[in-house]
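> Let me give you the structure first, and then I'll get to my questions.
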Amino acid sequence: MQKAVKYIIKTGVMAIAMTLFFSCKNNFKEVQKIGISANEPQGKAEGINAKRTDSGRVSANLISPKMLDFGNRSFGYSEFPKGITLHVYNDNNEKSTIISDYAILYTQTDLIDLQGNVIIATPTKDTLYAEQLYFDQKKKWMFTNLPVTYKSEGIITHGAGFDSDKDFTLTEVLEISGQFAVSE
Numbered sequence: 098m099q100k101a102v103k104y105i106i107k108t109g110v111m112a113i114a115m116t117l118f119f120s121c122k123n124n125f126k127e128v129q130k131i132g133i134s135a136n137e138p139q140g141k142a143e144g145i146n147a148k149r150t151d152s153g154r155v156s157a158n159l160i161s162p163k164m165l166d167f168g169n170r171s172f173g174y175s176e177f178p179k180g181i182t183l184h185v186y187n188d189n190n191e192k193s194t195i196i197s198d199y200a201i202l203y204t205q206t207d208l209i210d211l212q213g214n215v216i217i218a219t220p221t222k223d224t225l226y227a228e229q230l231y232f233d234q235k236k237k238w239m240f241t242n243l244p245v246t247y248k249s250e251g252i253i254t255h256g257a258g259f260d261s262d263k264d265f266t267l268t269e270v271l272e273i274s275g276q277f278a279v280s281e
């Protein structure tokens, strides 16, 4: 009789252990999300000075006082709520500078949305002023459909939009509303 009770207990423990073993799931990603609100960034950084290199040469330098990483969202992005300064270097190591009050980098599309007092200054002293500008990093193309002021070779042009490659060799001010010659 005592042997039968031990057998029943042993069998019961084995059954419970097997049930627990096979009911476990691999939910590591769910465990990682614990403590992170759906509206909170998964990371914060301050005092950013990041450099991108290409074949050992610095091709870009991003400077920002603050970055919020929302890579935990289904359409992840990085937000720069206090603006950015971005130096982009061409093949001749000449620097263009991009400044904005606010920026968002969409990770999946490599699209940068620059907002608020956007200024781009090129090595040839061309300067673009806009309230919003998009930069497609894959196509190396920038564009906006909002009003712009573009200064190039002593001419100031106002328009309703702008398209250009990253080197400002193919630029177009859209729907020109005024053009003025300026002596430097």
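Residue numbers (my numbering): 98 to 281. For every residue, glycine included, the Cβ atom is placed at its ideal position computed from N, Cα and C.
Whose CA, out of E250, D262, D260, S261, lies closest to the CA of A278?
For the purposes of this step, residue 278 is taken as the residue at position 181 of the sequence shown. Selected option, being the one with the closest Cα: E250.
> Quick one: complete beta strand (DSSP E) runs, 3+ long, within the stretch 239 to 275?
You should have 245 to 249, 252 to 262.
> With 16 as the cutoff for other CB atoms within 10 Å, does F265 come out buried or exposed?
Taking the sequence shown and counting its residues from 1, the one referred to as residue 265 is at position 168. Buried, by the Cβ-count rule.
> CA-CA distance, I160 and I209?
For the purposes of this step, residue 160 is taken as the residue at position 63 of the sequence shown. For the purposes of this step, residue 209 is taken as the residue at position 112 of the sequence shown. The alpha-carbon atoms of I160 and I209 are separated by roughly 15 Å.
> Among the residues of its own chain, which have a CB less than 6 Å from the CB of H184, if the five just before and after it don't count?
For the purposes of this step, residue 184 is identified with residue 87 of the sequence shown, where counting begins at 1. N158, K192, T194.
> Based on DSSP bridge pairs, tell me the residues matched to D166.
Your numbering for residue 166 matches position 69 in the sequence shown. Bridge partners of D166: G140, S175.
> Identify every residue that forms a DSSP beta bridge with N146.
Numbered from its first residue, the sequence shown carries residue 146 at position 49. Paired residue(s): I160.
> Could you spell out where the beta strand (DSSP E) holding Q229 opens and where it closes?
Position 132 of the sequence shown, counting from 1, holds the residue named residue 229. Where Q229 is concerned, the enclosing beta strand (DSSP E) stretches over 224 to 233.
> If I measure Cβ to Cβ from D207 and keep anything under 6 Å in the same chain, skipping five residues before and after, which residues do I get?
Within the sequence shown, residue 207 is the residue found at index 110, counting from 1. Closer than 6 Å at the Cβ level, and outside the excluded window around D207, lie Q234, K235.
> Measuring CB to CB, does Y226 end up less than 8 Å from G213?
In the sequence shown, the residue the question calls residue 226 occupies position 129. In the sequence shown, the residue the question calls residue 213 occupies position 116. No. Outside cutoff.
> Short of 6 Å in beta carbon distance, which residues of its chain neighbour G258, apart from the five on each side in sequence? Order them along the chain.
Along the sequence shown, read from residue 1 onward, the residue named residue 258 stands at position 161. Cβ within range, chain order: T241, N242, L271.
> In this structure, what does DSSP give as the bridge partners for S197?
Walking along the sequence shown from the start, residue 197 turns up at place 100. For S197, which the question treats as bridged, DSSP gives the partners I181.
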